[in-house]
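Counting in the working numbering, the sequence shown runs from 668 upward without gaps.
Step one of this worksheet: look at the structure below.
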Amino acid sequence: MSERILKMPRLGETMEEGKIVGWLIKSGDSFKRGDPIVEIETDKTIAEFPALGDGRLGEILVSIGDMIDVGKPLARIDIGDGPDWTAGEGDESETTGEAAVASTMEQREGVLVENNLEMPRLGETMEEGRIAKWLKAPGDSFVRGEAIIEIETDKTIAELPAMTDGRLVSILRDDGDIVPVGEPIARIEIPASAIGDEDRTPIQLASEAHGAPAAEVTPREIGQREGRQRATPLARRLARRERIDLSTIVGSGRRGRIEKADVLNAAAGSSPAAAGAATGEVKYAAFQRGKMAYLDLGGAGDPPVLLLHGFSGDRTTWAALASGLKRAHRRVIIPDLPGHGLTGIEADGAADLSLDLPAFLDAVGLTRVDVVAHSLGAIAALGLAEQSMGKVASITLIAPAGLGLEIDMQFVKGMAAARSGGEVAHLLRRLSVNSVHLSEEALSALASDLAKGRLVALSEAVVGPMGQKVDGLAAIEKLAATMPIRVLFGLEDRIIPWKHALGLPARVPVHFLSNSGHMPQWDQTKEVLDILLSQGDKP
668 MSERILKMPR LGETMEEGKI VGWLIKSGDS FKRGDPIVEI ETDKTIAEFP ALGDGRLGEI
728 LVSIGDMIDV GKPLARIDIG DGPDWTAGEG DESETTGEAA VASTMEQREG VLVENNLEMP
788 RLGETMEEGR IAKWLKAPGD SFVRGEAIIE IETDKTIAEL PAMTDGRLVS ILRDDGDIVP
848 VGEPIARIEI PASAIGDEDR TPIQLASEAH GAPAAEVTPR EIGQREGRQR ATPLARRLAR
908 RERIDLSTIV GSGRRGRIEK ADVLNAAAGS SPAAAGAATG EVKYAAFQRG KMAYLDLGGA
968 GDPPVLLLHG FSGDRTTWAA LASGLKRAHR RVIIPDLPGH GLTGIEADGA ADLSLDLPAF
1028 LDAVGLTRVD VVAHSLGAIA ALGLAEQSMG KVASITLIAP AGLGLEIDMQ FVKGMAAARS
1088 GGEVAHLLRR LSVNSVHLSE EALSALASDL AKGRLVALSE AVVGPMGQKV DGLAAIEKLA
1148 ATMPIRVLFG LEDRIIPWKH ALGLPARVPV HFLSNSGHMP QWDQTKEVLD ILLSQGDKP
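Spelled out as structure tokens, the structure:
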């Protein structure tokens, strides 16, 4: 037995620490060179780190979620009689200085030769990869385990580590190029003795690995045991970008793993609805005017939170915030307002948005509730509070409508009349300071839903030639004397100017969020969540 320490690798030049997302094998499992061992999140990516040699995993020294400095111990491993591929892993002395790298290579290997670096196969089904970013420039040296290039496939984005020490001589394919597996992407200088090793074992993603003994615990079972949803790194990145809770998605990949397509479908609204229907998450409350769709995310914390979306939104726009509230043990109720989503009730005017909400509170058993509303949902929240004074404990308004005349009328009219995915894509870019990326299929699905014309009458009722036709200031003035009300605005809001907040009553606290547009719950999710869970604005 030859025990060594597996240390946090440096997966990029600027990386100083990494977060343990999940262990892909368990203590006692054997692995081969190239097998994924651990999933690590850096400030730039999530990558499944492959073993740089054969061995067996011993004691795991860190927990999932831990932030570990580069070079610090992660686990004990037994490398048997093989070469010590852990030597210097993550050490600063081996990641800086060409002279040190050259000296190391000369001592270990002797003669250096020039060779092709080919597009690797990052899984059984991979046929091509996109060069997302070169992490080294021609002339730069690298050491074994150091990231050279970031590659995107249909299933993941990964920083590819060097399998040996070397130097990047020239780049043959540029950032953004799509290259078939096996085609040269660069020329590298490496020890002559390492040339055979470079082509020996394709690097596999955990979702593609096969041939393991049937008795061993699979990566998915390990993930479930740790309370973690199995998903590809690319799916996780897309889910964060689209503010989608992975626990609401049923994975279509091998062993139930969530794939890129699953997240894109969820972003289009098909997956949350379909998955919710399958698991009982999407429910319906029946009223005289029709049925109202909603999510009830459980939790026992008091009071429950009622989330009301804005114009052209639905329950899925709250995914990230709802997930945070659920983790804080709050019960979260999210209806599709009339005229939106799966709700069958129509809305011809702003008053229709709140007309059924008092009965909705009764239907879901809410006797006391904190209301959080976005944009036009503010009018619904204020209407509900006026009708159910004793049941609304507090109101938080995010980028609320009804505080002034100015509004991006092109957005409101555009979303009501959109008929193509291209139109929807242009309009959605106005919502956030971050890019809103949806697939063509997702955009087309959203456009098809909007093409039903359900929002046309409502859009005409809330905006006119002069701007906003709804007024919430009078209601806020009245309600602020009886309950806590606070307002949040993004300083880069392109739909409703943040300066409207200057007209609020003095007793209403206002939070301005930098680097945030019309959707602070997307752009600054953590900050919004902190505000909602704090008691600072409440008497």
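By construction, the Cβ of each residue, glycine as well, lies at the ideal position given by its N, Cα and C atoms.
Practice item. Tell me, please, which residues DSSP counts as bridged to Val737. Key: Beta-bridge pairing links Val737 to no other residue.
Review point. Span of the alpha helix (DSSP H) holding Met1082?
Key: Residues Met1076 to Ala1084.
Review point. What are the uninterrupted segments assigned as beta strand (DSSP E) that are 3 or more residues long and contained completely in the region 953-1003, given in chain order?
Key: Counting only unbroken stretches of 3 or more residues, the beta strand (DSSP E) elements lying wholly within the region 953-1003 are 957-963, 968-975 and 997-1002, in sequence order.
**Study point:** Pair within 9 Å by beta-carbon distance, Ala814 and Ile838
**Key:** With contacts defined by Cβ atoms closer than 9 Å, Ala814 and Ile838 do not form a contacting pair.
Point to revise | Nearest-angstrom Cβ-Cβ length linking Asp745 and Gly722, presumed shorter than 8 Å | key: Confirmed, Cβ separation roughly 6 Å.
Check your understanding: Does the distance from the CB of Asp1019 to the CB of Leu1117 come in under 9 Å?
Key -> Their beta carbons are not under 9 Å apart, which means Asp1019 does not touch Leu1117 by this criterion.
Review point. Is Ala1045 near Ala1060, with beta carbons less than 9 Å apart?
Key: In this structure, Ala1060 does not lie closer than 9 Å to Ala1045 by Cβ.
Practice item. To the nearest angstrom, report how far apart Gly749 and Val688 are at their CA atoms. Key: Approximately 28 Å between the Cα atoms of the pair.
Check your understanding: What number of angstroms, rounded off, separates the C-alpha of Lys958 from the C-alpha of Ala1014?
Key -> Taking the straight line joining both Cα atoms gives about 13 Å.
Review point. Do you know how far the Cα of Asn1182 is from the Cα of Thr1192?
Key: When rounded, the separation of the alpha-carbon atoms in Thr1192 and Asn1182 is 12 Å.
Check your understanding: DSSP state of Thr1034, grouped into three classes?
Key -> Residue state, collapsed to three classes: coil.
Check your understanding: Per DSSP, Ser837 forms a beta bridge with which residues?
Key -> Ser837 is bridged to Arg854.
Review point. Three-state secondary structure (DSSP) at His1041?
Key: Reduced to three states, the DSSP call for His1041 is strand.
**Study point:** Gly1089: first and last residue of the uninterrupted beta strand (DSSP E) it sits in
**Key:** Gly1089 -> not in any beta strand (DSSP E); alpha helix (DSSP H) instead, spanning Gly1088 to Leu1095.
Check your understanding: By how many angstroms is the C-alpha of Glu1108 removed from the C-alpha of Val1195?
Key -> Roughly 31 Å separates the two Cα atoms.
Practice item. Give the secondary structure of Glu1108 by DSSP, where H, G and I count as helix, E and B as strand, and everything else as coil. Key: In the structure shown, Glu1108 sits in a helix (DSSP, three-state: H, G or I).
Practice item. Express the C-alpha separation of Gly1131 and Leu1169 in angstroms, rounding to a whole number. Key: Our two residues, Leu1169 and Gly1131, have alpha carbons roughly 23 Å apart in a direct line.
Check your understanding: Less than 9 Å separating the beta-carbons of Val1154 and Val1123?
Key -> In this structure, Val1123 does not lie closer than 9 Å to Val1154 by Cβ.
**Study point:** Simplified DSSP assignment, three categories, for Phe1156
**Key:** Look at Phe1156 here: in three-state DSSP terms it is strand.
Exercise for review: Assign Ala1141 to one of two classes, buried (16 or more other C-beta atoms within 10 Å of its C-beta) or exposed (fewer than that).
Suggested key: The residue in question, Ala1141, is exposed, as its Cβ has fewer than 16 Cβ neighbours within 10 Å.
**Study point:** Reduced DSSP category for Gly890 - H, G, I as helix; E, B as strand; rest coil
**Key:** Per-residue confidence for Gly890 stands at a pLDDT of 36, beneath the threshold of 50, marking its modelled position as unreliable; the derived number appears in the next sentence. Taken through DSSP and simplified to helix, strand or coil, Gly890 comes out as helix.
Point to revise | Limits of the beta strand (DSSP E) - the one that Ser1061 falls within | key: Ser1061 -> beta strand (DSSP E) spans Val1059 to Ile1065.
Practice item. Check whether the Cβ atoms of Leu691 and Ile672 sit closer than 9 Å, and answer yes or no. Key: Not a contact, by the Cβ cut-off of 9 Å.
Review point. Ala859: buried (16+ other C-beta within 10 angstroms of its C-beta) or exposed?
Key: When all chains shown are included, Ala859 counts as exposed.
Point to revise | Which residues DSSP lists as bridging Trp801, in chain order | key: Trp801 pairs with Ile816.
Practice item. Using the Cα positions of Val1031 and Phe954, report the straight-line distance between them to the nearest angstrom. Key: When rounded, the distance between both Cα atoms is 12 Å.
Exercise for review: With DSSP collapsed to three states, give me the class of Ala1052.
Suggested key: Helix.
Check your understanding: Which residues bound the beta strand (DSSP E) around Val688?
Key -> Secondary structure note for Val688: its beta strand (DSSP E) is the uninterrupted segment Glu684 to Trp690.
Practice item. Would you kindly work out how many angstroms separate the C-alpha atoms of Thr831 and Arg811, rounded to a whole number? Key: The C-alpha of Thr831 lies about 4 Å from the C-alpha of Arg811.
Exercise for review: Using three-state DSSP, classify Gly1170 as helix, strand or coil.
Suggested key: Three-state result, Gly1170: helix.
Check your understanding: So, Leu1009 versus His976, is the Cβ gap smaller than 9 Å?
Key -> Between Leu1009 and His976, the CB-CB gap reaches or exceeds 9 Å.
Review point. Which of helix, strand or coil does DSSP assign to Val846?
Key: Correct three-state label for Val846: strand.
**Study point:** Nearest-angstrom Cα separation, counted from Ala1147 out to Leu872
**Key:** Note on Leu872: pLDDT 37, under 50, position unreliable in the model; the coordinate value appears next. The alpha-carbon of Leu872 is positioned some 55 Å away from that of Ala1147.
Point to revise | Bridge partners - Glu726, DSSP secondary structure assignment | key: For Glu726, DSSP assigns no beta-bridge partner whatsoever.
Review point. Does DSSP put Gln1191 in a helix, a strand or coil?
Key: Gln1191: coil per DSSP, three-state reduction.
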